[in-house]
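Peer 1:
Protein chains: 2
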Amino acid sequence: MLRVNYFASVCSISLRASRVAEATARPRGFSSSVARNKQSLVILGSGWGGYEVLRGVDKKRWDVTMLSASGYFNFTPLLAGCAVGTLEFRCAVEPVRRYTPQVTAYQAWCDSIDFKQKTLQCMPATPPLTFEKAVAPIEEITPTGGLSHFAGTGTGFTQRYDKLVIAVGAYAQTFNVPGVKAHAHFLKDVRDARRIRTRILECFEQANQPTLSDVERRNLLNFCIVGGGPTGVEFAAELHDLLHSDIRRHYPSLAAMAKINLYDVAPNILGTFDRSLASYAEQSFRRDGISIRTNHHVEKVEKGKMFVKEQGEVAFGLLVWSTGLAPNPLITSISQLAKDEKTSSLLTDDNLNVITKDGGMPDPDVWAIGDAAVMQDQRLPATAQVANQKAKYIVKKLNKIAKGQNSTKPFEFHNQGSLAYVGDWKAIYDRSGAENVKTKESGRLAWLLWRSAYFTQTLSLRNKILVPTYW
Amino acid sequence: MLRVNYFASVCSISLRASRVAEATARPRGFSSSVARNKQSLVILGSGWGGYEVLRGVDKKRWDVTMLSASGYFNFTPLLAGCAVGTLEFRCAVEPVRRYTPQVTAYQAWCDSIDFKQKTLQCMPATPPLTFEKAVAPIEEITPTGGLSHFAGTGTGFTQRYDKLVIAVGAYAQTFNVPGVKAHAHFLKDVRDARRIRTRILECFEQANQPTLSDVERRNLLNFCIVGGGPTGVEFAAELHDLLHSDIRRHYPSLAAMAKINLYDVAPNILGTFDRSLASYAEQSFRRDGISIRTNHHVEKVEKGKMFVKEQGEVAFGLLVWSTGLAPNPLITSISQLAKDEKTSSLLTDDNLNVITKDGGMPDPDVWAIGDAAVMQDQRLPATAQVANQKAKYIVKKLNKIAKGQNSTKPFEFHNQGSLAYVGDWKAIYDRSGAENVKTKESGRLAWLLWRSAYFTQTLSLRNKILVPTYW
Chain A
1 MLRVNYFASV CSISLRASRV AEATARPRGF SSSVARNKQS LVILGSGWGG
51 YEVLRGVDKK RWDVTMLSAS GYFNFTPLLA GCAVGTLEFR CAVEPVRRYT
101 PQVTAYQAWC DSIDFKQKTL QCMPATPPLT FEKAVAPIEE ITPTGGLSHF
151 AGTGTGFTQR YDKLVIAVGA YAQTFNVPGV KAHAHFLKDV RDARRIRTRI
201 LECFEQANQP TLSDVERRNL LNFCIVGGGP TGVEFAAELH DLLHSDIRRH
251 YPSLAAMAKI NLYDVAPNIL GTFDRSLASY AEQSFRRDGI SIRTNHHVEK
301 VEKGKMFVKE QGEVAFGLLV WSTGLAPNPL ITSISQLAKD EKTSSLLTDD
351 NLNVITKDGG MPDPDVWAIG DAAVMQDQRL PATAQVANQK AKYIVKKLNK
401 IAKGQNSTKP FEFHNQGSLA YVGDWKAIYD RSGAENVKTK ESGRLAWLLW
451 RSAYFTQTLS LRNKILVPTY W
Chain B
1 MLRVNYFASV CSISLRASRV AEATARPRGF SSSVARNKQS LVILGSGWGG
51 YEVLRGVDKK RWDVTMLSAS GYFNFTPLLA GCAVGTLEFR CAVEPVRRYT
101 PQVTAYQAWC DSIDFKQKTL QCMPATPPLT FEKAVAPIEE ITPTGGLSHF
151 AGTGTGFTQR YDKLVIAVGA YAQTFNVPGV KAHAHFLKDV RDARRIRTRI
201 LECFEQANQP TLSDVERRNL LNFCIVGGGP TGVEFAAELH DLLHSDIRRH
251 YPSLAAMAKI NLYDVAPNIL GTFDRSLASY AEQSFRRDGI SIRTNHHVEK
301 VEKGKMFVKE QGEVAFGLLV WSTGLAPNPL ITSISQLAKD EKTSSLLTDD
351 NLNVITKDGG MPDPDVWAIG DAAVMQDQRL PATAQVANQK AKYIVKKLNK
401 IAKGQNSTKP FEFHNQGSLA YVGDWKAIYD RSGAENVKTK ESGRLAWLLW
451 RSAYFTQTLS LRNKILVPTY W
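Those sequence lines, one after another, are chains A and B. For the first sequence, full-length UniProt numbering assigns the number 1 to the initial residue and increments by one for each residue that follows. For the second sequence, full-length UniProt numbering assigns the number 1 to the initial residue and increments by one for each residue that follows.
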């Protein structure tokens, strides 16, 4: 049965694919006798969903291939801390290479999926080779990093699978506001965090030049954040802490000119949190001098300035944009599967299998988790917590399948509450949606919960040891 | 006397300068009554010479201004370790901001010096502001970083001094071999180290793509180092360690294809070391499989390949270039002072004061140290050790001058020997030139000396604590 699948797919793909098979076989040559008995599991994406599957799946029973464009997992809750320099960048990433050569890993994009042939068309995400002509990048390369990625080497390859986990995540939403990709920073990846950190210090060094007027200085030190969700709020909080510690110490006269502004189109920030906790955060921010500009609409962004419907032109030194999720291009390219009308994510059944558009049948060999997926009967938020729990569910299922055991128990979400850091060593912790408990915490206790919750998460031992030394 | 100097210089400079004076006065406003009694000391450069002067000088008695284009000190012996990922980048730098607001610091280049008027023409080294047009960069911006720097904001400023320390260092020597700046990496700055680290991993990820032939893989994994001095040798050693630890663990089949080549035009590597120690290093390298290609001449570099007189075309994935020093553009721009014929560095007397070209008189207010300077009666090597000792001498002198004490004792160099890491936890330690001792050490003992010598150096407490945790 397995053998038939294998040849069926190999025969249908191009000449290049046989070279692929040759190339991929070589690194695993030492265990080729075992490999022949293992089914091929391909994981697309190394975020909260994909990395957890990679981490947990039984690699002795599965022939695992990880396709990740970045090559690492971002521990996203620490990115805001990295962006202001509290944490080292290394603390916030885990390379997928940690699991090679036990698994095969390619730094590559998946451009399209053939669910019938069970093949993936892939493109290297490494820079073009000397002898290759660069193809056009999917997204334009922008000064702030944006959604751009390497053009790819121009030579694609085909990857087959027996089982497939789609965990490619989502892109940053811009609502088509002109200039956002070119002039704003997102905060989804450790490289974004690095660019933001560089830019913050650059703003102060620019403002420190003796040739500037005070108006020019205030413009450079105007820090704007668009999007009042947890990411925007936590970054505002971390930035506030930075301005009131290291920056005030080393640039005392400039620190007084700096200003943080948090924009949202909604009437409140932290819309997904319990109202009383969101109010606590707003009060805390106002006391700290952070301007909360709710009910504000950014209409256009240019270099160093944006146009706000309610304010007119607003100059900034740094603009961080975090207004939710946009569909991943791979998901957009898929036409054979059922999708959610609102988010355009892949619909799954309660076993997290994707569903064919014609006939509405689940594909037993393909699962979709994380921000690229939504269950048709249970709408869960697009959070790390949901992605992580779905991944753990898939791991259990895969390990049962490998042992030939039945596994049709549906996925159940266990809400563990939401946490957000609001600055000055204070956090809010919303467990009002959590199971069995009705707790809301704010202030120092919630901060301790926030830190300890993240510390006991996925981070490996190396990072668990390292993180506190940077505090 | 002081007041006269001050006004003499202020009156002779342009209108922009008064705005400068206004701007620089503001951050130090809180101590303006004290500041009026202090002489102005300007330090150009934050390397081994300049940073040590900044660190040691009595900031209560001197009104100190640091002009540094990077804004930080590079702990150069750790750069090779950073470039292969053994050390965090943060370990190898010390920001000059550590000393603000006690001192004034500008991230800026000095373009020219008027020794008569005692003024410096400076250009911000931060990126151009939104409303400014970028001027042409001094060096072209290259993919590998090279010698390029920010174009500057286009608006220069004038800085006056009572006393001046020129410690701008030197640039990387390319001997005008075409293509070096565009396609090779230098290893003089932590940003170079970061680019090299990124490139090493990129080479392995590129070579790991399933579409490549083994010839293409071997080309990508051919690592070339041009220059057999301590920097080239230490980088080769660190790279060898990396290939035989993490790389072998995670890319086992690719690690076997990787190759390290060390080129030099001279018949031996480590020409400045004792012959028996250099031979020990060569033997150690040969045993490790590092190709030592002495008596080889690189004639041209292109993207991914170079042309060697003795070999023809040589493909590489990474080329690190470290063939000594070239004059700093600021030093080249100075026409009024005596210079060394061979190196074009500034000549100084044994008090380290620069010497006028006409008349050969020392300028009592200007000192030159580090790689940009050479003493006319005592030719010392252009090393960190010499720069550091000269800086300590200047600090003592400045602190005496501030107290009105006489200080004409000439500089004396105390040779503490040379250390170089040669891989596999082994180092060589040459004290054959050192005072009173005739010791040469090689192997493990020398390695311990190498590490401990650097640990007890300039690194601040924070870094002393942090460095071992990364080991």
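Don't be surprised by glycine CBs; every beta carbon is placed ideally from N, CA and C. Since this is a predicted model, take the numbers as computed values, not measurements.
Around the Cβ of V180(B), are there at least 16 other Cβ atoms within 10 angstroms (buried) or fewer (exposed)?
Peer 2: Classification of V180(B): buried, given that the 10 Å Cβ count is 16 or more.
Peer 1: Alpha carbon to alpha carbon, how far is S253(B) from L212(B)?
Peer 2: The alpha-carbon atoms of S253(B) and L212(B) are separated by roughly 14 Å.
Peer 1: Would Y251(B) count as contacting chain A if we go by Cβ distances under 8 Å?
Peer 2: yes
Peer 1: Determine the closest residue to D363(B) out of I369(B), A372(B) and D349(B), with distance taken between C-alpha atoms.
Peer 2: D349(B)
Peer 1: Using CA atoms only, rank isn't needed, just tell me which of N37(B), R98(B), N74(B) and D114(B) is closest to S333(B).
Peer 2: D114(B)
Peer 1: Strictly under 8 Å for the Cβ-Cβ distance: is N261(B) near chain A by that measure?
Peer 2: no
Peer 1: With a threshold of 16 other CB atoms inside 10 Å of the CB of R293(B), please say whether the residue is buried or exposed.
Peer 2: Label assigned to R293(B): buried.
Peer 1: If we call anything under 8 Å between Cβ atoms a contact, is S46(A) one with T65(A)?
Peer 2: For S46(A) and T65(A), no; Cβs fall outside 8 Å.
Peer 1: Strictly under 8 Å for the Cβ-Cβ distance: is E205(A) near chain B by that measure?
Peer 2: So yes, E205(A) belongs to the interface.
Peer 1: Measuring alpha carbon to alpha carbon, tell me which of V103(A), E216(A) and Y51(A) ends up nearest K305(A).
Peer 2: E216(A)
Peer 1: Alpha carbon to alpha carbon, how far is P329(A) from L398(A)? Give it in angstroms, no decimals.
Peer 2: 27 Å
Peer 1: Give a yes or no on whether the minimum CB-CB distance between K59(A) and chain B is below 8 Å.
Peer 2: no
Peer 1: Which residues of chain B have a Cβ atom closer than 9 Å to the Cβ of Y106(A), listed in chain order?
Peer 2: E205, N208, Q209 and P210
Peer 1: In whole angstroms, what separates the C-alpha of R98(A) from that of V53(A)?
Peer 2: 14 Å
Peer 1: Give me the residue from S291(B), F273(B) and N351(B) with the minimum Cα distance to K409(B).
Peer 2: N351(B)
Peer 1: What do you reckon, are the CB atoms on A92(B) and A108(B) nearer than 8 Å?
Peer 2: no
Peer 1: Measure the CB-CB distance between K390(A) and G49(A) and report whether it falls below 8 Å.
Peer 2: yes
Peer 1: Just list the alpha helix (DSSP H) runs in the stretch 257–296 of chain B, keeping only unbroken ones of 4 residues or longer that don't cross its boundaries, in chain order.
Peer 2: 275–287
Peer 1: Kindly indicate which three-state DSSP category Y161(A) falls into: helix, strand or coil?
Peer 2: Correct three-state label for Y161(A): coil.
Peer 1: DSSP on E202(A), reduced to helix/strand/coil?
Peer 2: helix
Peer 1: Under the assumption that F89(A) contacts A193(A) (Cβ atoms under 8 Å), give the Cβ distance between them as a whole number of angstroms.
Peer 2: Contact holds; Cβ gap of about 7 Å.
Peer 1: List the residues of chain A whose Cβ lies closer than 7 Å to the Cβ of R97(B), in chain order.
Peer 2: H250
Peer 1: Can you give me the start and stop residues for the alpha helix (DSSP H) that P381(B) sits inside?
Peer 2: Neither: P381(B) is in no alpha helix (DSSP H) and is coded neither H nor E.
Peer 1: So is A256(B) buried or exposed if we call it buried at 16+ other beta carbons inside 10 Å?
Peer 2: exposed
Peer 1: My output table needs one value for Q107(A): the three-state DSSP class, helix, strand or coil.
Peer 2: strand
Peer 1: Taking C-beta pairs closer than 8 Å, name the residues in chain A that E202(B) reaches, listed in chain order.
Peer 2: The answer, in chain order, is T126 and P127.
Peer 1: Under DSSP, the alpha helix (DSSP H) around Y251(A) begins and ends at which residues?
Peer 2: Looking at the DSSP string, Y251(A) is not in any alpha helix (DSSP H), and its letter there is neither H nor E.
Peer 1: Of all the residues that make up the stretch 282–314 of chain A, which are near chain B by a beta-carbon distance shorter than 9 Å?
Peer 2: E302, K303, G304 and K305
Peer 1: Could you check how far apart the C-beta atoms of N261(A) and N295(A) are, in whole angstroms? I think they sit under 8 Å.
Peer 2: Actually they are not in contact, since the Cβ atoms of N261(A) and N295(A) sit about 14 Å apart, beyond 8 Å.
Peer 1: Please compile the residues from chain B whose C-beta is within a distance smaller than 7 Å of the C-beta of P178(A).
Peer 2: The contacting residues do not exist; P178(A) stays about 17 Å from chain B at best.
Peer 1: For S322(B), does the count of other Cβ atoms within 10 angstroms reach 16, so buried, or fall short, so exposed?
Peer 2: buried
Peer 1: So L346(A) and K357(A) are in contact, right, with Cβ under 8 Å, and what is the actual spacing, rounded?
Peer 2: With a Cβ gap of about 11 Å, L346(A) and K357(A) do not count as contacting.
Peer 1: Quick check on DSSP: helix, strand or coil for E139(B)?
Peer 2: The predicted model places E139(B) with a pLDDT of 42, which falls under 50 and marks its position as unreliable, so this point remains unresolved.
Peer 1: Name the one or two DSSP bridge partners that residue 474(A) has.
Peer 2: Since the first residue of chain A shown is 1 and the last is 471, residue 474(A) is not available in this structure.
Peer 1: Do we get a CB-CB distance below 8 Å when we pair P101(A) with the residues of chain B?
Peer 2: It does: the Cβ of P101(A) has a partner Cβ on chain B nearer than 8 Å.
Peer 1: CB A167(A) to CB K188(A), shorter than 8 Å?
Peer 2: Judged by their CB atoms, A167(A) and K188(A) are not nearer to each other than the 8 Å cut-off.
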